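Numbering (the numbering used here), first residue to last: 22 to 499.
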């Protein structure tokens with residue numbers, strides 16, 4: 022058993038609460054991470070003396086910083102301490118670049134993500150050969166580095182909250198090193214049927230499930246994903262997954278209004294209004310990520326304009342995409358494909374006084390928030406999504422009592438219920454019809470639906486969401 026450390030509460034995640042970037046003079050600058058989820062975990066850690074967040078160094082600058090720090094505790098370096106304000110400690114793991122790339126790109130993002138979102142083109146992929154097995158060995162080493170760091174940092178009976186598919190093996194590894202700690206694992210992705218999960222090699226499927234079963238509490242966003250995991254655990258290992266719980270993450274309305282109320286967002290909103298005028302806006306904020314289904318979303322909008330010409334000149338589809346995983350060829354090809362389709366839609370329908378599609382790929386958060394504030398219809402048609410916080414944020418931020426057109430394959434569909442227009446994400450025609458219905462929804466009914474959905478969207482914001490998982494772990498044993 023590893024000797025105990027001092028931290029009574031730990032969070033483990035691939036990406037931590039800090040990023041290191043180069044500034045104009047060539048020096049490093051440390052920036053504190055944002056977003057509701059990060060803020061929620063930060064708040065819990067800040068309230069616990071000697072809490073530690075364990076994460077990976079994501080680039081060479083961060084690895085260099087981690088190697089300089091005593092035991093990887095970058096929070097002890099002046100550059101980082103100024104950004105953290107002493108709220109909690111951060112241990113950053115300088116895992117070698119090759120191991121990190123193999124674990125992160127080769128297994129986490131190109132294998133596990135594809136399995137859990139059902140993205141494989143099964144006639145041709147996956148193929149688990151010797152090269153892939155070497156990547157899997159890196160994933161094992163990567164998870165073991167986290168488990169060993171957590172074991173060294175955790176105080177007796179500490180609560181350890183492990184996040185997501187990058188770290189599926191950590192709970193079992195940590196349990197073998199420290200039988201005394203209380204371990205939670207939360208999966209932010211969807212889960213799949215046992216049949217689809219076992220596209221993975223048999224030994225790998227068993228290792229993933231057994232790794233997760235090392236946790237005392239295994240969390241998912243919805244009962245659907247939780248139930249599928251129970252089925253998978255039984256089918257793959259014969260085990261009954263008794264610690265599976267549901268914690269549906271919501272959005273923080275106050276935090277979102279604070280972000281969306283900034284002058285930079287007001288400025289973007291004025292620009293947007295100049296273009297759309299009093300037309301109805303179908304708003305979409307997403308990533309160019311394969312599971313987000315931007316391609317079929319654009320096809321559905323084109324179908325709406327082709328089959329419902331009464332909307333010509335009366336509607337604008339505002340689409341803002343953050344670039345995603347540009348180092349993977351499949352994602353670069355997909356981005357180019359949706360850019361071509363967007364241009365085709367503009368060429369087919371655009372006129373001198375009507376721009377039917379506002380399409381942008383970039384990293385401009387104020388522009389994205391402006392779209393959510395102006396949306397009459399919030400549109401999300403993911404192939405699969407563990408939750409999808411954007412639709413919840415859109416409900417909170419829209420100043421128009423928005424209707425929602427939502428993929429039934431998102432966790433948010435379970436949260437929002439029948440007040441959203443739920444669609445089969447593969448049925449372009451039905452999605453176009455749902456957009457039409459949403460645009461026609463009478464104002465009174467739209468307001469009533471939006472009000473009920475907003476209530477559901479904020480039911481478990483990030484801080485209570487995280488605290489509910491801590492409570493589920495139970496009290497210390499002594």
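We put the beta carbon where it would ideally sit given N, CA and C, even for glycine. Quantities reported herein were computed from a predicted structural model and do not represent experimental measurements.
For residue 499, I'd like the list of residues in its chain whose CB is within less than 6 Å of its CB, leaving aside the five on either flank, ordered along the chain.
Legend: pLDDT at residue 499 = 39, less than 50; position of this residue unreliable, value from coordinates given subsequently. Excluding residues within five positions, none has a Cβ falling inside 6 Å.
Per the contact definition of three or more C-beta pairs closer than 8 Å, is the stretch 171 to 183 in contact with the stretch 26 to 38?
Output reads yes: the stretch 171 to 183 touches the stretch 26 to 38.
Indicate the three-state DSSP secondary structure (helix, strand or coil) for residue 493 in the structure shown.
Correct three-state label for residue 493: helix.
Looking at the structure shown, is residue 384 part of a helix, part of a strand, or coil, going by DSSP?
In the structure shown, residue 384 sits in coil (DSSP, three-state: anything other than H, G, I, E or B).
Can you name the residues that DSSP bridges to residue 301?
BP columns for residue 301 point to 336.
So, for residue 413: in the same chain, excluding its five sequence neighbours on each side, which residues have a beta-carbon less than 7 Å away from its beta-carbon?
Cβ within range, chain order: 271, 272, 433 and 478.
Am I right that residue 318 and residue 393 are in contact with their C-beta atoms under 8 Å? What's the rounded C-beta distance?
No, residue 318 and residue 393 are not in contact; Cβ-Cβ is about 16 Å, not under 8 Å.
Which of the three DSSP states, helix, strand or coil, is assigned to residue 61?
Note: residue 61 maps to helix in three-state DSSP.
Put residue 401 into one of helix, strand or coil per three-state DSSP.
Residue state, collapsed to three classes: strand.
CB-CB under 8 Å to residue 129, same chain, minus the five flanking residues each way: which ones, in chain order?
These residues qualify, in order along the chain: 35, 160, 186 and 187.
Determine the DSSP secondary structure at residue 499, reduced to helix, strand or coil.
Unreliable placement is indicated for residue 499, whose pLDDT of 39 sits below 50; the coordinate value is still reported in the next sentence. Of the three classes helix, strand and coil, the one that applies to residue 499 here is coil, per DSSP.
Determine the direct distance from the alpha carbon of residue 315 to that of residue 446, and round the result to whole angstroms.
Cα to Cα, residue 446 sits roughly 10 Å from residue 315.
Using 8 Å for Cβ pairs, my map puts residue 337 next to residue 379. What's the rounded Cβ distance?
Confirmed, about 6 Å.
Tell me whether residue 452 sits in a helix, a strand or coil according to DSSP, three-state version.
In the structure shown, residue 452 sits in a helix (DSSP, three-state: H, G or I).
What three-state label does DSSP hand residue 292 in the structure shown?
Helix, per DSSP.
How many Å lie between residue 210 and residue 310 at the Cα?
Straight-line Cα distance between these residues: approximately 13 Å.
Can you check whether the CB of residue 398 is closer than 9 Å to the CB of residue 416?
For residue 416 and residue 398, no; Cβs fall outside 9 Å.
Using C-beta distances below 8 Å, list every residue in its chain close to residue 80, excluding the 5 sequence neighbours before and after it, in chain order.
Within the same chain, residue 80 has close Cβ partners 41.
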